[in-house]
Structures are given as structure tokens and as C-alpha cells.
Amino acid sequence: MAELFSSDWMKAYMDTWNNEPTLADELERVNFNAVIGYGVEEETAPSVVYVVNQGRITSIGPHNGEALNWDLRASRDQWEQWMSKPPSLMALALAYTQRKLRFRTGDYAAMVKDPRLANSFVKSFDVMRRALA
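The numbering of the sequence shown is this note's numbering, which starts it at 30 and goes up by one.
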């Protein structure tokens, strides 16, 4: 089992994401491109950064100072909780309002107003969990 945000997990996440049609294909249809970081709230830099081009992850690795379109942070405990049971959109909205999920960069409200992005956002948490297996 890979550890969340480890190099093994990063490779598995990229492969799982790119082979998940309900995620990659949907994002390709909306021409989604972004540089996204995930990390632990108290750390300066995100633990992992990945580049999405036309819905597919084309690179993933540790943060190397690149500019981010999205930088999502939560406590280690919160990430672990989501990995044991991926959240619904409602659970993510609650985590956001309770500041358990923070967007250091990126517009949460704009993203959840677009169902195509909101559904993909929720699906990405399930893909994260599956990459741990």
C-alpha cells in the first residue's frame, strides 16, 4: 500500500486518474488545464503538484516552485479520513465552510458552481483513495 503523497502514490494517482473515464474524459470535454497542488495545511509548500492538460495528468511530483492554479490544503487527519471514505460534494462543502479544506489558491465557489468541475472534484478523492491500494 502506497502512502498518501509518496512517489509511489503519485505514480498510481496519475495512472488511476488517466484511466478513469468519468474523470479524465469529462475534464477533457471541458478543456480543463491546470497546475494543482495538494498538501498539509501547516506546511509551506504542497506535498504534491500535478499538471493536467486536456483532462489528463501529464506530470506529477513534489513542488518545485511552480505557480499553481489550485492549492488545496487539509490536516493530515482530514486527508486520512477522506482516504478511508471519499467525501461527497456536500461533505466537501461542509469541510470548506468549517475551514477543514482550504484553497490557498483557486476559487472553490466558482468550481462548485460548474457541475462538470464539481463532479470531477468529488471523483478525484475516490481516485486518490484507489491510488493508495
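Cβ coordinates follow ideal geometry from the N, Cα and C atoms, glycine included. From a predicted model like this one, the values you see are computed outputs, not experimental measurements.
Under the assumption that P75 contacts G68 (Cβ atoms under 8 Å), give the Cβ distance between them as a whole number of angstroms.
4 Å
Please identify the residue among L161, E49, E57 whose C-alpha is closest to the C-alpha of W111.
L161
For the alpha helix (DSSP H) containing L56, name the first residue and the last one.
50-58
Figure out for me which residue from T45, I65, G90, V64 has the closest Cα to the Cα of S36.
G90
Cα separation between L146 and L56?
7 Å
Does the distance from the C-beta atom of I86 to that of W38 stay below 7 Å?
No, the Cβ-Cβ distance between I86 and W38 is not below 7 Å.
Could you compute how far the alpha carbon of L97 sits from the alpha carbon of V81?
Looking at the two C-alpha atoms, the distance is approximately 11 Å.
Smallest Cα separation from P116: which of F61, L101, K152, D54?
The option with the nearest alpha carbon to P116 is K152.
Per DSSP, which residues does W99 bridge with? Please list them.
DSSP links W99 through a beta bridge to I65.
Hey, out of D143, M43, E72, V156, whose CA is closest to D100's CA?
E72
Let me know the secondary structure DSSP gives G88 once reduced to three states.
Note that residue 88 corresponds to Ser in the displayed sequence, not to Gly. Looking at S88 - three-state DSSP - the assignment turns out to be strand.
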